[in-house]
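Student: This structure is in structure tokens; I'll ask about it shortly.
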Amino acid sequence: MVDIKSMDLEELTAWLKDQGEPAYRAKQVFQWLYRGITSFEEMTNLPKALRQKLEEQCVLTPPRVARKQASADGTIKYLWQLADGNCIETVLMRYRHGNTVCISSQVGCRMGCAFCASTLAGRVRDLTPGEMIDQVLFTQTDSGLPVSNLVLMGIGEPLDNFDTVLKFLHLVNCPEGLNIGMRHISLSTCGLTEKIDKLAQYGLQLTLSVSLHAPDDDTRSRLMPVNRSVGVEKLMETCRRYFQTTGRRISYEYAMIDGVNDAPWQADRLAELLRGTPGHVNLIPLNQVEESPLKPSRHLAAFQKRLESQGIPVTVRRRLGGDIDASCGQLRRRAMRESRNTGRKEDDIP
Ligand code: SAH
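When we follow my numbering, the leftmost residue of the sequence shown carries the number 16, and every step to the right adds one.
In structure tokens, the structure reads:
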């Protein structure tokens with residue numbers, strides 16, 4: 016079966032041509048797909064025979080809303096159930112600069128970060144480009160809100176599913192589809208250096224966020240197993256190289272954790288690391304994960320001030336959706352826990 020949602024317009028044109036269809040059909044089909052249709056029957060300006068052929072040869076597997084939570088601040092969190100029963104999360108955040116959707120790139124994650132709910136049960140599988148596109152389309156359809164910005168900060172490590180993520184970026188960029196420009200997209204990584212170098216070669220104008228979370232190897236290796244093979248120094252070298260190649264400033268994410276990475280000396284070390292490297296620090300108040308003993312820091316303001324006094328640009332992430340488990344993987348995790356308690360499988364979620 017053909018995964019039609021993962022095709023770009025050129026691939027779709029070539030495939031339809033092989034089926035003996037004229038070139039203009041591809042654009043029609045593509046536009047229907049990006050309107051979020053859920054069956055080929057809905058493509059009403061296509062001949063019935065073509066609709067039938069698509070039905071027989073292609074898969075169109077729209078995700079089902081397994082759970083949906085709306086926050087008082089307008090944030091909506093979706094737990095989508097995919098065709099194979101696995102669940103992923105997508106979050107819609109309403110900023111003044113536009114509606115932003117936070118996309119998952121994998122079912123689960125294998126990076127093992129100590130503070131993150133997404134990784135607790137490991138990685139189940141990679142998503143397809145079509146499954147990533149569907150998160151944007153169906154969030155738009157369900158909420159009735161147009162999406163102008165994307166962040167790849169949901170479940171999974173985007174650079175661990177590199178080719179798919181690259182294809183997804185190409186697809187969302189397409190004027191006949193979602194038409195979202197690279198400057199409206201952020202991609203967050205735990206710091207896979209070889210993949211950061213590879214990404215740099217494409218020269219995309221997206222914003223790269225690097226989850227740093229600690230300026231010293233001892234702390235970072237404790238929080239993020241990925242640091243055990245590539246230390247902070249090599250990561251920062253890679254980040255500098257990324258800036259030189261792409262001209263894009265990196266945003267460094269730093270989740271503030273009580274008594275772990277919030278000491279004054281760590282602010283000083285962080286400032287030292289970033290001195291002379293264009294980029295800024297985004298301090299994130301830790302979202303507490305039930306299974307983890309880590310607690311939110313009580314020294315966020317002091318840490319911020321200490322960085323700023325050393326000339327480092329700092330922003331503090333607004334806590335959108337704090338009342339609805341809106342941090343990576345928390346809703347999926349909760350659903351998995353509850354279904355275990357009731358003896359149901361994840362794919363039985365009502
Ligand atoms: N795998 C990618 C993207 C996923 S998470 C990455 O590691 O960057 C997006 C951001 O949320 C990352 O910076 C991640 O470290 C952070 N994060 C994960 N769990 C968190 C939590 N409980 N509280 C605050 N930030 C968290």
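For glycine and all other residues, C-beta sits at the position ideal for the given N, C-alpha and C.
Quick check on DSSP: helix, strand or coil for P78?
Tutor: coil
Student: CA-CA distance, G145 and F183?
Tutor: 8 Å
Student: With distances taken from CA atoms, which of L214, Y93, L207 and E71 is nearest P344?
Tutor: Sequence check: residue 344 is Gly here, not Pro. For G344, the nearest C-alpha among the options comes from Y93.
Student: Cβ of C117 within 8 Å of Cβ of T134?
Tutor: no
Student: Is V296 buried or exposed, if buried means 16 or more other CB atoms sit within 10 Å of its CB?
Tutor: V296 should be labelled buried.
Student: Is D33 helix, strand or coil when you go by DSSP?
Tutor: helix
Student: Is M168 near the ligand SAH - that is, is its Cβ less than 7 Å away from at least one heavy atom of it?
Tutor: Yes; taking the cut-off as 7 Å, the Cβ of M168 has a heavy atom of the ligand SAH nearer than that.
Student: Any beta carbon of chain D sitting closer than 8 Å to that of I272?
Tutor: The structure shown contains no chain D; it holds only a single protein chain.
Student: So for A98, helix, strand or coil by DSSP?
Tutor: coil
Student: For R138, I'd like the list of residues in its chain whose CB is within less than 6 Å of its CB, leaving aside the five on either flank, ordered along the chain.
Tutor: Q121, G123, C124 and R125
Student: Please report the straight-line C-alpha distance between E56 and V44, rounded to a whole angstrom.
Tutor: 12 Å
Student: Which term fits L244, buried or exposed, when burial requires 16 or more other beta carbons within 10 angstroms of its beta carbon?
Tutor: First, the residue type needs correcting, since residue 244 is Ser and not Leu in the sequence shown. By the 10 Å Cβ count, S244 comes out exposed.
Student: Along the chain, which unbroken stretches of the alpha helix (DSSP H) at least 4 residues long are found entirely within the region 187-256?
Tutor: Unbroken alpha helix (DSSP H) stretches of 4 residues or longer found wholly inside the region 187-256: 208-215 and 232-238, given in chain order.
Student: Can you tell me which of the three DSSP states Q121 falls into?
Tutor: The answer is strand: DSSP assigns Q121 an E or B state.
Student: Roughly how many angstroms separate the alpha carbons of R348 and L285, rounded to a whole number?
Tutor: In this structure, the alpha-carbon of R348 lies about 32 Å from that of L285.
Student: Report the rounded CA-to-CA distance for I195 versus P77, giving the unit in angstroms.
Tutor: 21 Å
Student: Exposed or buried, what is Y217 when buried is set at 16 or more other beta-carbons lying within 10 Å of its beta-carbon?
Tutor: exposed
Student: Is it true that the CB of I211 sits closer than 8 Å to the CB of Y257?
Tutor: yes
Student: For A270, which of helix, strand or coil comes out of DSSP?
Tutor: strand
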